[in-house]
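Protein chains in written order, with the numbering used here: chain W, 1 to 657; chain Y, 1001 to 1241.
Note that beta-carbon positions come from the ideal geometry of N, C-alpha and C, so glycine has one too.
For reference, the structure is listed below as structure tokens.
This is the structure we're talking about:
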């Protein structure tokens, strides 16, 4: 067996946090390699601390290791000190499970959760000793795949990857394994033969089988070569109940982010927030049965020894029966003192009941995401939570003993005015005021991020705010805080680096021409760009200049309706005309209801794939406004009307009733 | 009921930090369903007290942990050696490969481990030096009246004399690639780390592996450890490579 452990052991004393590289997690599978098995290396192109908890990677790790025809190990981007040591010693990228060289695997599958890691993909390939470009690889090299949310526009990485996989990975990894096995059984034909076969697997996109054409710097077409499909559709598992993974969540020996048991309670979200790519591309809503959630929580806590469990989803308070699951978990003596965290809380579904339950054990911070500071702005982005909802949620929290509340906002949204931006502080100020009734020194941390338009959202046509404009808006907020320090006592402001938002925007909606940029930045040492200590916008600007490309074209420019988008030949199920109409509605501040509890408006995600929502409750789980049929204008100051847009096809079949 | 645990840290797991080991223990106690007392307050934590920190990357056959049992385990009556053996086995199976409990015994409330321990015995494997070279180096160290090093602590330059902390130093044998040193190094008021000593005297030596063999609560011939390891052979850390 080809383990590099003895070589690595000698150098681990030289690097920071060597426990990142030892594996040995509780839940790790001891890999058994065999010539008949397809060996997968699942790579998270960021540090171990960030990558280890990734649930998608862990799910695929288990599913593949349960198969008789596959074996899976994991790898994470070595930090810069380790990369330097590996190069000095002539050692390659390795798996953490059995410390096997990356190039010994049949498949390298990268999880792409964020755009800024793209240069790390190149770093990992280079450390692995694998040619960077798909065109330079032969039948003896591993297959290089990417999956995860960024693979919905993998065009910037088109030169480097062999294939991108769209959507849920649970089923498609089996088909890819079988395809590789069949290809090998025929005696390792040509690599292009393997790629053509992979292109026929639904959900698998092979960029080298498509030709992108440009006319004066504008993308004019992406056409399939040979018999590659004209549109690659995403994969969706119909029912999460069939996939109770991870069954054995990995428990690392060293501290990582989200260091707790994580149980996914549902996938998909139909709240319809227009800025949210995750909500758009993961439709429909598929809830895990509450019994299964309880079993996964109880068994998971017992097996791992964790004392914290997070019930994860895009909006956990929307889970049917959330209060009951939380209450039972906290009350279960067998689990000891357990705290429950609920990431992604919507204020309109957060109640005193939930607040009371989750605070019975240890109290962590509470975070809400109103996203925008004015009602008009929230109509534009379709995050239809009223200020009353927010203050009620915040009141629930403070009255149950929390002293700190965190609020997430976006700035640089379509149609945003300075009044909207400053509304952020007004909301924060009033939250502190609400808190004073219950707490001596309540505090609200406002976290402001620059909005980055994403593919397959109604905002995919929107020209992102410039770096300068984003900075100006943050400056507005800072100045206002300085001007009236007394009024804003208890309000803290944090903001995201506008330059990083610009590069994220560049990758998010970029096309194939960016391959050269990514390679240049990587060659100039630009790795770990999502880490502020390594991020360097100068590297990106220099590379763009060198290749005659501009941020204006890729990031700041509004797209037109008839323009070919770099991801038009890929599909998340959403009709492009639905997204366009939703974009027009956004500009008119017209809201759209949550189709989970109201009739279908045919976005395409269910109807196109013959699947539907799996939701246990026919009504929203808690009070609130959106989609509940409540009169939304009770606040008096914000006249609200949810207009249902007449659709071309609203026959009963089409709307699913 | 207060108990002291002696455990080994060997193999891959030696690359975890002192803080990592504390967190691993918290989870292991819950997995093994060994109830311990918790601190009060906003963020209750199990009351565990570890001895001297072990540098990341060093192995040990003498790590100690004191804790206060709670619940049924604490009220189960008279302590017997059998209970200690059973609890050691239960904890070892809840710990990762390489962390192994070798002894558990009740203790009276006394000084904290950090205060009580006066010296540690270290086994240090050094590469790229032969026996004669190592013996000369050891003799040089022992012959010196002082070994002064300058370093920064809390942002200020400090001058330290390491020599008083070198209680004994021997070449204990040879290895395939060098020699094995055995050293007793003082820990009060501040522990001397084996790697500091190796680097402080010319020619500086580089350790390939360092293993803490003992911690001593007193000095002299009748010196005692916080908790003796049992006579039976300790479980070896079988680490898959």
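Less than 8 Å separates the beta-carbon of residue 164 of chain W from that of residue 205 of chain W. With 16 or more other Cβ atoms from the protein chains shown falling within 10 Å of its own Cβ, residue 23 of chain W counts as buried. Within 7 Å of the CB of residue 18 of chain W, the CB atoms of chain Y belong to 1015, 1056, 1057, in sequence order along the chain. Close to chain W, meaning a Cβ-Cβ distance shorter than 9 Å, are the following residues of the region 1073-1098 of chain Y: 1094, 1096, 1097, 1098. Here the region 29-40 of chain W does not lie against the region 1024-1037 of chain Y, with fewer than 3 beta-carbon pairs under 8 Å apart. The Cβ of residue 1023 of chain Y sits closer than 8 Å to at least one Cβ of chain W.
With respect to residue 265 of chain W, residue 312 of chain W sits close: the two C-beta atoms are nearer than 8 Å. Taken in chain order, the complete alpha helix (DSSP H) segments of 4 residues or longer contained in the region 84-138 of chain W are 118-128.
Residue 201 of chain W has its alpha-carbon roughly 7 Å from the corresponding atom of residue 176 of chain W.
Chain-order list of chain Y residues neighbouring residue 337 of chain W: 1038, 1044, by C-beta distance under 8 Å. Between residue 1156 of chain Y and chain W, the shortest Cβ-Cβ separation is not below 8 Å. Note: residue 1157 of chain Y is bridge-paired with Y:1152 in the DSSP secondary-structure output. The beta carbon of residue 255 of chain W falls within 8 Å of a beta carbon belonging to chain Y, placing the residue at that interface. A distance below 8 Å separates the beta carbons of residue 463 of chain W and residue 558 of chain W. For residue 537 of chain W, the secondary structure class from DSSP, reduced to helix, strand or coil, is helix. Residue contact check for residue 305 of chain W against chain Y: a CB pair falls below 8 Å. Nearest neighbour of residue 237 of chain W by Cα position, chosen from W:130, W:606, W:396, turns out to be W:606.
By the Cβ rule, the region 1051-1062 of chain Y counts as touching the region 1210-1224 of chain Y, because three or more pairs are nearer than 8 Å. One finds 305 in chain W with Cβ atoms closer than 7 Å to the Cβ of residue 1028 of chain Y, taken in chain order. Residue 1088 of chain Y and residue 1006 of chain Y have their alpha carbons spaced roughly 9 Å apart. At a cut-off of 8 Å between C-beta atoms, residue 251 of chain W counts as an interface residue with respect to chain Y. Bounds of the beta strand (DSSP E) holding residue 1170 of chain Y are 1166-1174.
Between residue 537 of chain W and residue 118 of chain W, the C-beta spacing is not below 8 Å.
Counting along the chain, the unbroken alpha helix (DSSP H) around residue 399 of chain W starts and ends at 387-399.
Contact between the region 260-277 of chain W and the region 286-293 of chain W is present: 3 or more CB-CB pairs across the two stretches fall below 8 Å. Only buried fits residue 65 of chain W, as 16 or more other CB atoms lie within 10 angstroms of its CB. Burial of residue 49 of chain W is indicated by the presence of at least 16 other C-beta atoms within 10 angstroms of its C-beta. The beta carbon of residue 1184 of chain Y does not come within 8 Å of any beta carbon belonging to chain W, so the residue lies off that interface. Between residue 378 of chain W and residue 372 of chain W, the C-beta gap is smaller than 8 Å, which places the two residues in contact. Non-local C-beta neighbours of residue 1151 of chain Y in its own chain, meaning closer than 8 Å and more than five positions away in sequence, comprise 1157, 1158, 1160, ordered along the chain. For residue 145 of chain W, the secondary structure class from DSSP, reduced to helix, strand or coil, is strand. Residue 406 of chain W places its beta carbon less than 8 Å from that of residue 447 of chain W. For residue 406 of chain W, the enclosing beta strand (DSSP E) begins and ends at 404-411.
Under the three-state reduction of DSSP, residue 42 of chain W is assigned to strand. One Cα belongs to residue 1109 of chain Y, the other to residue 1066 of chain Y, and the distance between them is close to 10 Å. When 8 Å is used as the limit between beta carbons, residue 1020 of chain Y is near these residues of chain W: 19, 253, 254, 255, in chain order.
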